[in-house]
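Undergrad:
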Amino acid sequence: MEVSTQRWQEGVELEVSLGCSLKELLTKQPHIPEDYLQKRIAVIFLNGSPVDDIDSTWVGDGAVIALSAQMLGLVGAAMSRKGLISPLRSSISARTEPINSNGRGTIRLKLFNALIDELGSTLLKHISTTK
Amino acid sequence: MEKILRINMSGEKGPEVKETPLGDYAGLGGRAMTSAIISKEVPPLCHPLGTENKLVIAPGLLSGTAGAMSGRISVGCKSPLTGGIKEANAGGQPAQVLARLGYAAIVLEGKPKTNDLYKVIINKDGVKIEVDNSLRGLPNYDLVAKMRSQYGDKIACISIGTAGEMKLAAASVACTDTELRPTRHAGRGGVGAVMGSKQVKVIVLDDTGMKVRQPKDPEAFKDANKRFIEGLTKHPVTGQGLPAYGTNILTNIINEAGAYPTYNFKDGKFAGASKISGETQAELEVKRGGVATHGCHRGCVIRCSGIFHDKDGKYLTKQPEYETVWAHGGNCGIDDLDMIAQLDFWDDNYGLDTIEMGATIAVAMEAGLAKFGDAKAALDLVHEVGKGTHLGRILGSGAAVTAKVFGIERAPVVKGQAMPAYDPRAVQGIGVTYATSTMGADHTAGYAIATNILKCGGFVDPLSTEGQIDLSRNLQIATAAIDSTGMCLFIAFALLDQPETFQALLDMLNSFYGLNLTADSVTELGKKVLKMEREFNEKAGFTKEHDRLPSYFKTEPISPHNITFKIKDEDLDKVFNW
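Top line first, the protein sequences correspond to chains R and L.
If you're matching positions, the first sequence starts at 1 in our numbering and goes up one per residue.
If you're matching positions, the second sequence starts at 1001 in our numbering and goes up one per residue.
1. Could you give the DSSP three-state label for L/G1246: helix, strand or coil?
2. Use the C-beta contact count for R/P98: other C-beta atoms within 10 angstroms, 16 or more gives buried, fewer gives exposed.
3. Return the residues of the region 53-78 of chain R that lie within a Cβ-Cβ distance of less than 9 Å from chain L, sorted by chain order.
4. Closest by CA to L/D1338, which one among L/T1280, L/N1225, L/N1516 and L/A1156?
5. Need the endpoints of the beta strand (DSSP E) that L/K1003 sits in, please.
6. Would you report the Cα separation of L/D1423 and L/I1229, rounded to the nearest angstrom?
7. Nearest to L/G1486 by alpha carbon, out of L/R1072, L/M1009 and L/P1243?
8. Taking 8 Å as the threshold, find out whether the region 60-72 of chain R comes into contact with the region 1221-1237 of chain L through three or more Cβ pairs.
9. Give the interface partners of R/E2 over in chain L, defined as CB-CB distance under 9 Å, in chain order.
10. Using beta-carbon positions only, say whether L/I1355 and L/A1418 come within less than 7 Å of one another.
11. Thinking L/D1348 and L/A1068 are a contact (beta carbons under 8 Å), I'd like their distance in whole angstroms, please.
12. Tell me which residues of the region 1553-1566 of chain L have at least one Cβ-Cβ distance to chain R shorter than 9 Å, keeping chain order.
13. Would the beta-carbon of L/G1351 fall within 7 Å of that of L/G1161?
14. Who are the near neighbours of L/Y1552 in its chain, counting only those whose CB is closer than 7 Å to its CB and skipping five residues on each side?
15. With 7 Å as the threshold, decide whether the Cβ of L/P1236 is near any Cβ in chain R.
16. In terms of DSSP beta bridges, what is R/T106 paired with?
17. I'd like the span of the beta strand (DSSP E) that includes L/P1182, first residue to last.
18. If you run the structure through DSSP and keep just helix, strand and coil, what is R/N47?
19. Given a cut-off of 7 Å, decide if L/P1059 and L/L1098 are closer than it, judged by their beta-carbon atoms.
20. Rounded to whole angstroms, what is the Cα-Cα separation between L/A1591 and L/I1106?
21. Alpha carbon to alpha carbon, how far is L/L1205 from L/K1111? Give it in angstroms, no decimals.
22. Spatial neighbours of L/I1430 within its chain, please: C-beta separation below 6 Å, excluding the five flanking residues on both sides.
23. Under 9 Å Cβ-Cβ, which residues of chain L neighbour R/S91?
24. Is the region 1008-1023 of chain L in contact with the region 1088-1096 of chain L, if contact means three or more CB pairs nearer than 8 Å?
25. Spatial neighbours of L/L1549 within its chain, please: CB distance less than 7 Å, with the 5 preceding and 5 following residues excluded, ordered by chain position.
26. Between R/H31 and R/G19, what straight-line distance do the alpha-carbon atoms span, to the nearest angstrom?
27. Could you tell me the distance, in whole angstroms, from the CA atom of L/K1394 to the CA atom of L/A1359?
28. L/S1484 to L/K1527, Cα distance in whole Å?
29. Check whether the region 1320-1335 of chain L and the region 1247-1263 of chain L are in contact - that is, three or more C-beta pairs closer than 8 Å.
30. Which residues of the region 25-51 of chain R have a Cβ closer than 7 Å to any Cβ of chain L? Give them in chain order.
31. What are the uninterrupted segments assigned as beta strand (DSSP E) that are 3 or more residues long and contained completely in the region 1145-1206 of chain L, given in chain order?
32. Between the alpha carbons of L/H1443 and R/N100, how many angstroms are there, rounded?
33. In the DSSP assignment, find the alpha helix (DSSP H) that holds R/F112 and state where it starts and stops.
34. Going straight from the alpha carbon of L/L1075 to that of L/I1558, what length do you get?
35. Quick check on the burial criterion: 16 or more other C-beta atoms within 10 angstroms. Buried or exposed for R/D35?
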């Protein structure tokens, strides 16, 4: 299976087990190595909100998750997880309350920039169904 | 770089050339040089297009050396767009060439007594100024081709297109790149209109026979430059993201955050973002035989530019920047990269600021002059400007004027200058900078994310309003400092994360000039520049009421986060309290 650059940017739908943190979901289901997640994925969006704490941010059914390497520019850099200037976008930051959602569900996963090449093919090996 | 070239266009027998020593301006480069001369020598209440205004063109402190990233050039004046002080900067070759010719600045003064159009030729033998009315009406690409045929391909050009000749407030000053194309623009604030008011169409620079500028301590400089390059190369932004995708890498990120102004700042997300993103753009460029990784000047190691070919594999324009793709793309509802590239080419050719023009066309679309998403209509509007029709002259005067003429409330401007590609409701911190910058709405005013290194001041509480104010202040100081070195602002990312890279930059400056600069002294320079600029603006009639966003940003929520700009006016007034 191949997914084009544009398709990764728009997102691929994945069937996943819910009721876990964002970190648990990303590392245990599409199997993103934890070291890679911590060091390379600097920007994470959950439903359009930049995430700071992946341990305490929960994922619900229908969530849209977008992953990116470190960004340039004032606003780009402000999107980084727990970044020095992330307070600039505090009004849109992701909330961390647990979501009461269990069982199977669907998420849409987007990859941006260098992560498309670095992560795309690896993710596809661990994805059972995609749309 | 021990002298300033002053060209008085008001001379009785034509332009008069004078070389002066640096004097009080010694040790200044880039924005520090332009703002120092403007604030000291230009009456703040003068008309921007009148005799008393001056156009200052200054390379950076390390331009013309073997130092990496040193090819930025600053252009300063009293702005016809904002009415305040202005510094706009660009890449390209002129900074390196001008510095090797020994000039720390060119100052265009006065105004000719006739309608003649002039060209200035500077080489190792001196300065010549000639009347050349055959250049009248030439757009930038044709103009540079003509200069190339007359003076050879070793030159670099600083020029204006037809917009500058017409003295339109959105007119840019073009600088040629390494391929001798007029693709790098000091775009903001109408600096091209001021060059047009001096009736100088082009400055042709030729450093043939001149040597690379030599440092006081060559070994220390070489070592520092090596460490500086290593720092830039290993950093994920300057070593990977920018070279691979250019600045347009931001489209997906800002769009995903809901901070991507769309349809004239009505929405924060654009459905067509993935069609015009940096990732898609780079893939298309490579597929068509263009280039996705390319430096805009010799000595650039980040190489965030590129070359965009058309469907037939022929050169169309340089790789459009993020701000251009947003302004002509998402903000106008256009998701066609080929049409955006054409709009970029024609902006460069007529000599127009792409941000101002994109924002203006979106206002015109809201006024009903064209439909959102209609790329051909957008291009037609740019041609109206280039040709100087009555409508074109309104559009070429910028978003604020266009909104006023067509009765549109939603004019996304501060101090008359259009906002760039980040909605200040979604990212409130950038709104503080838009509102309070000395330059009008400007994304680069707070671009240098080097607060922890430059130690401009501690955070109070980053999550509070006071923290946002504090952060904006520090960012503006840091940016003014980097702008004053004349280094490319993109080095800021590596400086933020890698203290050793910041030290390498200081070591470059110190070993070149025999100085002992520290982080604190660089911070003080940033403060000094901002203070000069604020004082000029105050004398030009600006008050705290000008440090505000348009009121609709406080009342109209933007989707998808449905938020308004919430920073209070009294808090904005604290930004420059230090």
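Glycine included, every Cβ here is placed at the ideal spot set by N, Cα and C.
TA: Put simply:
1. coil
2. exposed
3. V64, A66, S68, A69, Q70, M71, L72, G73, L74, V75, G76, A77 and A78
4. L/T1280
5. K1003 to N1008
6. 33 Å
7. L/R1072
8. yes
9. Here the premise fails: no neighbours, minimum Cβ distance about 14 Å.
10. yes
11. Incorrect: roughly 25 Å between the Cβ atoms, too far for contact.
12. P1560, H1561, I1563 and K1566
13. yes
14. E1409 and R1410
15. yes
16. R/E15
17. Per DSSP, L/P1182 belongs to no beta strand (DSSP E) and is neither H nor E.
18. coil
19. yes
20. Absent from the model: residue 1591 of chain L. The displayed extent of chain L is 1001 to 1578, so no value can be given.
21. 22 Å
22. Y1422 and P1424
23. R1425, A1426, V1427, Q1428, H1561, I1563 and K1566
24. no
25. V1414, P1424, G1431, Y1434, A1435 and F1565
26. 17 Å
27. Here residue 1394 of chain L is Ile; the residue named in the question, Lys, does not match the sequence. Each residue's Cα considered, the two are about 13 Å apart.
28. 11 Å
29. yes
30. V43, F45, G48 and P50
31. 1156-1159, 1173-1175, 1184-1186 and 1200-1205
32. 40 Å
33. Careful: R/F112 lies outside any alpha helix (DSSP H) and carries neither H nor E.
34. Correcting the residue type first, residue 1075 of chain L is Val in the shown sequence and not Leu. Rounded to whole angstroms, L/V1075 to L/I1558 spans 35 Å at the Cα level.
35. exposed
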